[in-house]
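Here my numbering is used: position 89 in the sequence shown is 81, and no number is missing along the way. Positions of the beta carbon are idealized from the N, C-alpha and C atoms, including for glycine.
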Amino acid sequence: MANAKHFCLFGFFCLLLQLFSIFHIGNGELEMNYYRESCPKAEEIIRQQVETLYYKHGNTAVSWLRNLFHDCVVKSCDASLLLETARGVESEQKSKRSFGMRNFKYVKIIKDALEKECPSTVSCADIVALSARDGIVMLKGPKIEMIKTGRRDSRGSYLGDVETLIPNHNDSLSSVISTFNSIGIDVEATVALLGAHSVGRVHCVNLVHRLYPTIDPTLDPSYALYLKKRCPSPTPDPNAVLYSRNDRETPMVVDNMYYQNIMAHKGLLVIDDELATDPRTAPFVAKMAADNGYFHEQFSRGVRLLSETNPLTGDQGEIRKDCRYVN
-7 MANAKHFCLF
3 GFFCLLLQLF
13 SIFHIGNGEL
23 EMNYYRESCP
33 KAEEIIRQQV
43 ETLYYKHGNT
53 AVSWLRNLFH
63 DCVVKSCDAS
73 LLLETARGVE
83 SEQKSKRSFG
93 MRNFKYVKII
103 KDALEKECPS
113 TVSCADIVAL
123 SARDGIVMLK
133 GPKIEMIKTG
143 RRDSRGSYLG
153 DVETLIPNHN
163 DSLSSVISTF
173 NSIGIDVEAT
183 VALLGAHSVG
193 RVHCVNLVHR
203 LYPTIDPTLD
213 PSYALYLKKR
223 CPSPTPDPNA
233 VLYSRNDRET
243 PMVVDNMYYQ
253 NIMAHKGLLV
263 IDDELATDPR
273 TAPFVAKMAA
283 DNGYFHEQFS
293 RGVRLLSETN
303 PLTGDQGEIR
313 KDCRYVN
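Right, dumping it as structure tokens:
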């Protein structure tokens, strides 16, 4: 009798496990090492490809970081950004907010390596997240351990939403804080994520209004003269590669020089000056300028939060075979 009772309890427990498994598949969540069974080498393949591409084309590392932001802020971390215009899809890359973005073609190299190892298994959305993580390391930034995986890819793009969801170069600080807050990122992490500008650059078309017809009085005068040499015309050709780097000291390193610069009124954008002077953000800026370890800690936290924005999981979306097109 006891054995029968034990068998029934065990059978009931197994049934619960099966039901849980079904529920988990249909309503999955991101998790650490999601591909441990389906594609054990996935994360290592992405890391190797990111390193190889970095040594061939150094600016790819910056592109991976920027891709994460532009993908996740628009609706979901679902690789919608990577879709090209085809098969009824209008690419988000057509938006003015995508001006200056590049290196999308190299995503295919990473995806092809994964498809060779594990066909139709690793999502393009996870490539976006993991390549950003590994790109940050190549830029001498923090090694972010807790990037979860299990995202799936969207079957469409959101071109019509990009203009309202991606902040403009010269949006106010309040607008940017509101954008980040809407996807669950607090002010401290927002300040840290803006530190990605440490390895960024701004095209002259987006900063000449601070130089012409008169120099913005919030800019350091000597720095303003340097910027006028970089951008000698008030009407620069948008197709010309005319720009200034946010950080002249360590331009390819994710570090706290960005905060030191903006405290010295050497930021390129209006938001840089606001970030260093607004009472909501100034204490965080001062602390990050003084402590690179603290900046890296908060930057890591911000990247993790950003990478988990409203992902498609379980039976949502698809796993694209080519990141440029829906299946």
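PHE291 counts as buried, since no fewer than 16 other beta carbons sit within 10 angstroms of its beta carbon. In chain order, ALA121, LEU122, ARG125, ARG296 and SER299 place their CB closer than 7 Å to the CB of ILE139, counting only its own chain and leaving out the 5 sequence neighbours on each side. Short of 6 Å from the beta carbon of LYS67, and not among the five residues preceding or following it, lie these beta carbons of its own chain, in chain order: TYR150. DSSP places ARG237 inside the beta strand (DSSP E), whose first and last residues are 235 to 237. When secondary structure is reduced to three states using DSSP, VAL194 falls in the strand class. Judged by their CB atoms, TYR250 and SER236 are not nearer to each other than the 9 Å cut-off. When DSSP reads this structure, ASP145 sits in a beta bridge with GLU310. Per the DSSP secondary-structure output, ALA78 pairs in a beta bridge with VAL81. According to the DSSP assignment, PHE96 belongs to no alpha helix (DSSP H), since it is labelled neither H nor E. Assignment of LEU304 by DSSP, reduced to helix, strand and coil, places it in the strand class. The segment 153 to 169 and the segment 39 to 46 do not touch, with fewer than 3 CB-CB distances between them shorter than 8 Å. Straight across, the Cα-Cα distance linking GLY259 with VAL129 is about 24 Å. With respect to GLY148, SER87 sits apart: the two C-beta atoms are not nearer than 9 Å.
Secondary structure note for MET249: its alpha helix (DSSP H) is the uninterrupted segment 249 to 255.
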